[in-house]
Each structure stands twice: as structure tokens, then as C-alpha cells.
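Below you'll find the structure, written out as C-alpha cells, and then a few comments.
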Amino acid sequence: MHCFGALAHRKYTVYDGLPKSGHYPNRASKETQEMNIVVTIKQVEDPITPPSHMVLDPSGKQVRSASGAPLVINGYDLNALEEALHLKEKHGGKVTAIGLGDVSGRKVFKRAIAMGADSAVLLADPQWEALDSFGIASVLAAGIRKLGNADLVLCGRQSSDSDGGQVLYWLAHMLDLPVVSPVIKIEESDASALVVHRLMDEEYQRLKVQLPALMGISSETNEPRLPTPKGTIAATRAMIPCWNASSLGLETSDSKVTLEKLEIQIRTSSAEFIRRDSGAESGKALADKMHELGLL
Amino acid sequence: MSGILVIGEVVGGSVTSQSLEAVAAARKLASDRGETLSGALFGADLAAAVAQFDASFSALLVLDSPQLGSYLAEPYVAAAELAIKRLNPSVVLLPHGSRTRDWVPQLAARLGAGLVLDCVGVGIKADGVAVTKPMHGGAVLGELFVRGSPAIVTLRGGAFEPALAGGGGNVEHLDMPPMPGAGRIQHLETVATETGTGPRLKDAKVIVSGGRGTGGSENWRFIEEAAAAIGAAVGCSRAIVDMGWLKWNHQVGLSGTIVAPDLYLAVGISGAVQHLAGISNAKTVVAINNDPDAEIFRRADYGVVGDFLEVLPAFTERAKELRK
Ligand SMILES: Cc1cc2nc3c(=O)[nH]c(=O)nc-3n(C[C@H](O)[C@H](O)[C@H](O)COP(=O)(O)OP(=O)(O)OC[C@H]3O[C@@H](n4cnc5c(N)ncnc54)[C@H](O)[C@@H]3O)c2cc1C
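First to last, the protein sequences are chains A and B. This note's numbering applies: residue 757 is where the first sequence begins, and numbers increase by one. This note's numbering applies: residue 0 is where the second sequence begins, and numbers increase by one.
So, in C-alpha cells, the structure goes:
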């Protein structure tokens, strides 16, 4: 089940015809450091949508923006993609974006290419519409196996719509990879290991992780780049293959968790406003009010 | 498969109060389903913690091992798997936190068990459990059904009243089992972040928190002065962390710290759902914002519409006088 020939593709040819010393001291080792990185991407409703601008679709199980705002790439996935591009710049190699979605989601994947990903694969099948974390991870695992040879799988630490926080762990288990999340920094990287910082409560851990591995990336890691003009041209030309259940050889499995109902939490209450003639007067009155309530 | 198992968390040698909240939820579930209630604790140097964990367990499984000292997932997964094999529970409840959010999904994957993280409600249903969980940053409440057994659920802090702590009864010690997959991740060190001199955000009774509306790092001193004047901890929105003004340990919210102060003063914070998710247990929320339509005013108890540069220094001055 856990076949994952991640190391098989690496080039261990040390001698490349260039002098070993002199101008290219790192060249040979750099070649062997090439990283094949897969980034998982999810399309989500824009997380800045306040509850008052949300509606439920007819099934009652899907949130939509009332104004029909387009889907965006999950924020943490953008951080994962940025980190992948950064590692590629450092080590060479290839970045592939992969994720589930319907065919309209191709646009989202084009953005990944516009940012600098080498290629993207869309996983789409009508039977995948109501999958739980286990089901989604099964599809992603099959897709990543089909891509083959990943040294590193980078995921966002969680998705901003379901706030599920599980898929990356199921995926790591299915691919038999060590997993660290939420990662706030990749401090060092070479062909065999990463040193990363994992966020805990009021501290962070420095961990050394053997490759191949899977990381859940958090927003503290980086500021995602914007698409480049060159990337945007590449994106318009890019073919984004679409793999379905039969092309992945996947059968449906029973879900372990089902969504029964969603309820939008609209706030109707309002603060008691403290208004005086000036901002300073209001600030003073606010302090008086807090004092009166015994809160100072 | 029957029985409810609650796995407590130990921090700094003590059982967390969030663990006792999980005990309360588990006890209710056990009595509603007519099932037994068991407990488990994993960690290093657990003697004091075992005595603090609740007494009314039919069994309390304890795995006390130095391997559970500096946190890595593998030994926790192995310990929990052993406890679950021993007790065969139908439901496993845990407090949701920075450790459990990491190792519990790995446990679920190993067992092939249904799991929902970070729930605020849990109830009985045939062949599984029904849970409620905030989604979309807290903008939406989801009802989910976890099928099969064990069904695993982690509970958000503050959603339940903690059970009274008592001395442990029926304690049984387990030995550390072999750890599948161990060794691929090596713990180099744990680094504490500087928290400054003020109170810790998590336990603070009073918090002054600033957002993007504070305009620039040169204005941040107004937040610090206000906090110092009223003995408050300093918090912030994610925007402030993203801009690099403060470290992430000051961030309040879904992906930061969940706080529960008596007074939360939000300055120049718009009130995004992900921020509000961190203050749902704050008793009194006060907002200063120059936009009268800001979402924060729907959550706040008291509000001042205005430029914080005018409002806040005057607030701070007056507060100093009143506290003399
Ligand atoms: C998955 C996910 C997790 C997240 N987790 C968190 C989290 O844990 N915590 C968090 O905070 N955010 C979190 N966010 C980000 C969140 O969505 C918002 O982007 C963020 O909270 C906005 O911060 P802000 O209120 O400071 O900034 P803004 O939304 O830009 O608000 C600034 C406010 O300041 C007001 N203002 C401007 N000038 C003045 C002035 N002179 N005087 C008074 N008021 C003024 C404005 O009217 C505005 O309301 C998360 C987002 C995602 C997608």
C-alpha cells in the first residue's frame, strides 16, 4: 500500500565534467540536491467573507459568497507553494501543484503556475464531491503516487473553509512519510534532511526531519509572491491535466465522517456606543465606564 | 466496543484545565449512553498529574516515560494506540491543543478511525457520535457525524465547564510500546519565545490588542502604554504578525491564542471571524475603531467610533488616574 519510491530518481553522479575546485565548488553537490516538490492546493471561498455575506447552497452543506466572489487558493497553501518555489530556487528541481476541485478550478491551478510552479494536476470526479478528510487524502495520495518521486510534499497547515486540519496527516500516513506541522520556518535544507521550526504554544521546536517528508506550512513562514509576467504567460499556455477516479484506479470507500448541516453564524447584536464631543472625551468616558463596571 | 475514554494533557507537571473540561464532556456522554468512563494520561513525571486527574474513572491508564518528555508525535501515538487496544472504547475525547492537533490525526490514520478536531459540542447518536464544530474561521457552525468506533473527537477550550479534579483511582501503569515510524524526526531543541514582562496572554484577565488600524509600528507604543496602565497583556491581530511588528505568540485568534479575559480591548481591529474565534470566551469586549460598520462592533459590548490616536491616549490617561 505504501509504495513511495521517492529516492529512486535522484542523480548521484558527482562528476559533471566541471572542475571540482575553483569556480564551481558547489556545483556537483548542488546537482544531487535537486528537489522534487509536490504542493497540495485547495480552492476555497475567500476567507475574508464575513458571515453576513455568506449563503448556503441548496444542499445546505456548502457555503457560497452571496456576491458570487471567485474561489481563491487556500492561504496556507500559498505559503506552502512559496516555500516550495524558494527551495527550488536554492536546490533546483521541480514544483508540481496538485489538488481536488471541479473543472472550473483550473483557473486556481493556473495561478500556481503563474507564481512559478512547473506544472499542475487537477483531480476531479463527480463522486468526490462529499469526501471526508480520509477520502480526500486517499485521492491526493493516489495522485502523488502517480506523479512519482516526490522528495517533499508541502501542504497548508489547514484549510480555511472546513478548518479540518487532518488531511495532511492522513496523507503522510498513506505515503508513509514523516510529518511536521505547523512549520513556521525551514531553517536548513539539503538532499537528505530539513531542519524546521514547529510552532507550539509559546515556544517553537527545532526538528531535523529526514527526506522524503511531508510538512504542513503556516503563514509565519513567508509572504507568498505575486504572479510574475513570465509566469502568467506560462500559465495561459499551460495544459492542466485532469485525473479522475478511473485514471487513478481508485474505488470509493465509505466515509468515516459526514457533514450533516451547516449554520451561518450571523451576529445581530451591536455594541453600546460611547459618544462624546471629541475622540479624547470619548476615550476618557470609556475609561470611566470600565471603572464603573469594575474592570480596571 | 463500549466505553468512553478521555485522554488528558499534562503541561508543566499538571493536568490542564482543558483536560478537565474534556472529562466533564466525557462524563455526560458516558451517562447519556450508559457506558463506562475511563481515563488515560501520557507524559513524563506524571505523579502529581495522576493525583489531579478525575477519580471517577473505571480505569485510569498511565504511561509515564521520559520518551514522552520533549514532545514528538510518535510516542504519543504509540501510547494512545496501546490504551485504545486495552480498553476498546467507542468514543475517545481529548482537549484540543498544539500537541493533540498534531498527534491525534496521526493516531486516527493509524487506526483508520473517524476524527473531528476542535469541536464545541459532542452528543450521542446510534453507531457513532454527533459533533458540532466551528468552520470557516467561526463564521459557520457545522454538525458532523462520526461513524464507527472508536470515534475520536478533540474539544476546544472553554466550550465546557471543567469537572472537579480529584485523586486518581484504579490506576494502571503501562509500558512504552514499540514506536512505528520513530527516528525520522529528531528533536533538536525547544526554544521559548520572549514573552516580555507583562502577563501571559493565555491566562491574562485584561488584554489590550491592536490591529492594522494602529497604522504603523511607530504608533504601537500607544497600545503598550494602555496595556501597562491597566496591567494588561498585549495582544494583536494576525495582520500585525504578518507585518513583522510582533511575534506570533502575541496573536489572538483561530491560528493564534484562544484567550478568555474579563476585559478585551480591541484597537484598530476589524473583527474578522478568525480573530473573533479567539475571543469567544472573553467576558467584556470593548472596541475602538474609526469605521462604525466594522464587524468588531457586532461582537463588542462597548464601542467608541473614532481615531484611536485621539481616543486611546485619553483612555490611558484617565485609567491611570482612576487606578491611583
Ligand atoms: C486560516 C486563517 C486563519 C487566521 N487566523 C487569524 C488569527 O488567529 N488571528 C487574527 O487576528 N487573524 C487571523 N486571520 C486573518 C483575518 O482573516 C484578518 O485578515 C485579520 O484578523 C485582520 O487583522 P486586522 O483586524 O488587524 O486588520 P484589518 O482587517 O485591516 O482591520 C483594520 C481595522 O482598523 C480600523 N482602523 C483603521 N484606521 C484606524 C484608526 N486610525 N483608528 C481606529 N481604527 C482604525 C479599520 O476600520 C479596520 O476595521 C486568519 C485568516 C485565515 C484565512
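We put the CB at the ideal spot given by N, CA and C, even for glycine. Note that the structure is predicted; figures quoted are calculated from it, not measured.
For chain A, check one thing: does any of its Cβ atoms lie closer than 8 Å to the Cβ of residue i?
i              : result
W244 (chain B) : no
Q17 (chain B)  : no
A238 (chain B) : no
Q105 (chain B) : yes
A43 (chain B)  : no
R26 (chain B)  : no
T192 (chain B) : yes
L311 (chain B) : yes
A79 (chain B)  : no
W155 (chain B) : The identity of residue 155 (chain B) in the sequence shown is Arg, whereas the question assumes Trp. R155 (chain B) does not count as touching chain A.
V14 (chain B)  : no
According to DSSP, simplified to helix, strand and coil, what is residue i?
i               : result
F760 (chain A)  : Here the model assigns F760 (chain A) a pLDDT of 34, short of 50, so the residue's position is not dependable and the matter cannot be decided.
K850 (chain A)  : strand
P980 (chain A)  : coil
L200 (chain B)  : coil
N792 (chain A)  : strand
E142 (chain B)  : strand
I83 (chain B)   : helix
G243 (chain B)  : coil
N218 (chain B)  : helix
Y75 (chain B)   : helix
K101 (chain B)  : It is Asp, not Lys, that sits at residue 101 (chain B) in the sequence shown. Helix.
R155 (chain B)  : coil
E20 (chain B)   : helix
M930 (chain A)  : helix
L4 (chain B)    : strand
I1022 (chain A) : coil
M337 (chain B)  : Any question about residue 337 (chain B) goes unanswered here, given that chain B covers just 0 to 323.
S875 (chain A)  : strand
Please list, in chain order, the chain A residues whose beta carbon lies closer than 7 Å to that of residue i.
i              : result
L173 (chain B) : In chain order: nothing, as chain A lies at least about 23 Å away.
E333 (chain B) : The structure shown does not extend to residue 333 (chain B), since chain B spans only 0 to 323, so no value can be given for it.
M328 (chain B) : Residue 328 (chain B) falls outside the range modelled here, since chain B spans only 0 to 323, and no answer is possible.
G113 (chain B) : K1012 and V1013
V251 (chain B) : Neighbours of V251 (chain B) on chain A: none; closest Cβ ~13 Å, over 7 Å.
At a CB-CB cut-off below 9 Å, which residues of chain B make contact with residue i?
i               : result
Q966 (chain A)  : G182, R183, I184 and Q185
M1046 (chain A) : I229, L262, L264, T283, V285, Y301, F314, A318 and L321
I892 (chain A)  : What I892 (chain A) touches in chain B: nothing, since even the nearest Cβ is about 13 Å away.
I1020 (chain A) : H135, A138, V139 and L140
S1003 (chain A) : Simply none; closest approach about 25 Å.
As a quick exercise: from the options, pick the residue whose alpha carbon is nearest that of residue i.
i              : options                             : result
P291 (chain B) : B:V304, B:T283, B:A281 and B:K282   : B:V304
L834 (chain A) : A:Q789, A:Q799 and A:I804           : A:Q799
V828 (chain A) : A:E838, A:P814 and A:G861           : A:G861
V5 (chain B)   : B:S97, B:M178 and B:S57             : B:S57
G891 (chain A) : A:I989, A:F1029, A:R993 and A:A1001 : A:A1001
I325 (chain B) : B:S18, B:A46, B:E34 and B:V310      : Since the first residue of chain B shown is 0 and the last is 323, residue 325 (chain B) is not available in this structure.
M1 (chain B)   : B:R85, B:R199, B:D241 and B:R183    : It is worth fixing the name first, because residue 1 (chain B) is Ser in this sequence and not Met. When only C-alpha atoms are compared, the closest one is B:R85.
W926 (chain A) : B:L140, B:E217 and B:L114           : B:L114
K902 (chain A) : A:L879, A:Q883, A:G1050 and A:L910  : A:L879
Interface residues of chain B around residue i at Cβ under 8 Å?
i               : result
T1014 (chain A) : L143, F144 and R146
V936 (chain A)  : I184
R1023 (chain A) : E294, R297 and R298
Going along the chain, which residues of its own chain have a beta-carbon closer than 7 Å to the beta-carbon of residue i, five neighbours each way excluded?
i              : result
Q914 (chain A) : Y832, G920 and G921
G849 (chain A) : E790, M791, N792 and I793
S916 (chain A) : V800, P803, N830 and G831
Could you list which residues in chain A have their beta carbon closer than 8 Å to that of residue i, in chain order?
i              : result
D241 (chain B) : S975 and E979
G247 (chain B) : The identity of residue 247 (chain B) in the sequence shown is Trp, whereas the question assumes Gly. Ordered by position in chain A, the residues that pass the 8 Å Cβ test against W247 (chain B) are I940, L955 and E976.
S97 (chain B)  : L955, M956 and D957
By Cβ distance, which residues of its chain are closer than 8 Å to residue i, with the 5 residues on each side in sequence left out?
i              : result
A276 (chain B) : P133, G136, G137, G252, L253 and I257
G987 (chain A) : I869, A870, M871 and G872
R981 (chain A) : E838, L841, M871 and G872
I want to see whether chain B comes within less than 8 Å of residue i, judged by CB atoms only; does it?
i               : result
E838 (chain A)  : no
P826 (chain A)  : no
S916 (chain A)  : yes
D755 (chain A)  : Since the displayed chain A opens at 757 and closes at 1052, residue 755 (chain A) lies outside it and no answer follows.
G1035 (chain A) : yes
H847 (chain A)  : no
Which residues in the same chain as residue i place their Cβ atom closer than 6 Å to its Cβ, once the five residues preceding and following it in sequence are excluded?
i              : result
A876 (chain A) : A853, F865, A868, I869 and I996
L264 (chain B) : V207 and V285
P938 (chain A) : R913, L955, G972 and S974
I239 (chain B) : L245
A203 (chain B) : A232 and P260
Check the Cβ of residue i against every Cβ in chain B and list those closer than 7 Å, keeping chain order.
i              : result
V819 (chain A) : H135 and V139
H842 (chain A) : In chain order: nothing, as chain B lies at least about 17 Å away.
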